[in-house]
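Visitor:
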Amino acid sequence: MLINRYQQNSFMQLAINQAKLALQINEIPVGAVIVDGENRVIAQAHNFTSSNVCNHAEMLVLQQALKQDLQLNNRLANCSIYITLEPCIMCFGAILLTRISNIFFGAYDDKFGAITNGVNLDKMAHSIPNIYGGIAEAEAKVLLQRFFLAKRQ
Numbered sequence: 020m021l022i023n024r025y026q027q028n029s030f031m032q033l034a035i036n037q038a039k040l041a042l043q044i045n046e047i048p049v050g051a052v053i054v055d056g057e058n059r060v061i062a063q064a065h066n067f068t069s070s071n072v073c074n075h076a077e078m079l080v081l082q083q084a085l086k087q088d089l090q091l092n093n094r095l096a097n098c099s100i101y102i103t104l105e106p107c108i109m110c111f112g113a114i115l116l117t118r119i120s121n122i123f124f125g126a127y128d129d130k131f132g133a134i135t136n137g138v139n140l141d142k143m144a145h146s147i148p149n150i151y152g153g154i155a156e157a158e159a160k161v162l163l164q165r166f167f168l169a170k171r172q
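Residue numbers are given in our numbering: position 129 of the sequence shown equals residue 148, and the series is strictly consecutive.
1) CB-CB under 7 Å to Ile150, same chain, minus the five flanking residues each way: which ones, in chain order?
2) Looking at the strands, I want to know which residues DSSP matches up with Tyr151.
3) Whole angstroms is fine: what's the gap from Asp128's alpha carbon to Arg165's?
4) Between the Cα of Asn71 and the Cα atoms of Val52, Glu46, Val138, Gly50, which residue gives the shortest distance?
5) Taking the beta strand (DSSP E) that Val138 belongs to, which residues open and close that run?
6) Return the residue from the list Val138, Gly153, Ala155 that minimises the CA-CA distance to Ile147.
7) Sort out for me which residues DSSP pairs Leu104 with in a bridge.
8) Residue range of the alpha helix (DSSP H) that Gln82 falls in?
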C-alpha cells in the first residue's frame with residue numbers, strides 16, 4: 020500500500036478533526052483514524068477518558084475497526100492508523116497485537132510516548148509496523164498545548 024504525502028495529510032486531518040471533537044467535550048484532544056489497504060476510512064474516534072481512563076482514541080478506534088468485519092480475526096494487517104499524538108505503551112501494545120502495517124502520528128510525547136521512550140519492538144512484535152512521526156505535528160501539538168494551558172488557568 021503506497022500512501023503519498025497528500026493522503027497522509029488528508030487522513031491526519033481527519034484525526035485532527037476527531038481531536039477537535041474531543042476538545043468540545045473537554046477531553047484531552049487526541050484523535051485517531053484507521054484506513055484499510057484500499058485507503059478507505061473504516062474507523063474514527065477520539066479520547067473519551069472521562070468515562071474510563073483506558074478510553075484512549077487508539078483503543079476506541081481499534082475496537083471500531085475490528086467490529087467492521089468479523090473476517091479480520093482481530094487483525095488489521097493491511098491497515099494504517101493515524102493518531103494526533105504518539106501512542107502510549109498501552110495503545111502501542113494494542114496496535115502491535117492487531118498487526119497494523121503503518122503507524123502515522125502527529126505530536127511526539129516525550130513523557131508517555133512508547134516510540135520516543137524506546138519500546139523494544141524486536142522483542143515485542145510478531146510483525147513490526149512502519150512508523151512515521153511528526154505528520155501535521157504543529158497543529159496536533161497546538162491543540163494539546165491550548166487544552167493543558169486552559170486546565171492550568
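Note that the Cβ used here is the ideal one computed from N, Cα and C, for glycine as well.
Guide: According to the data block:
1) The residue labelled residue 150 in the question sits at position 131 within the sequence shown. Taken in chain order, the residues that qualify are Ile122, Ile134.
2) Here the question's residue 151 lines up with position 132 in the sequence shown. DSSP, once it has assigned bridges, lists Phe123 as partnering Tyr151.
3) Translated into positions along the sequence shown, residue 128 becomes position 109. Translated into positions along the sequence shown, residue 165 becomes position 146. Each residue's alpha carbon lies about 15 Å from the other.
4) Against the sequence shown, residue 71 aligns to sequence position 52. Checked all of Val52, Glu46, Val138, Gly50; the closest Cα to Asn71 is Glu46.
5) As a working mapping, residue 138 is identified with position 119 in the sequence shown. No beta strand (DSSP E) holds Val138; DSSP gives it neither H nor E.
6) As a working mapping, residue 147 is identified with position 128 in the sequence shown. Of the candidates Val138, Gly153, Ala155, the one whose C-alpha sits nearest the C-alpha of Ile147 is Val138.
7) Mapped onto the sequence shown, residue 104 falls at position 85. Partner(s): Ala126.
8) By one-based count along the sequence shown, residue 82 stands at place 63. Element bounds for Gln82: 76 to 87.
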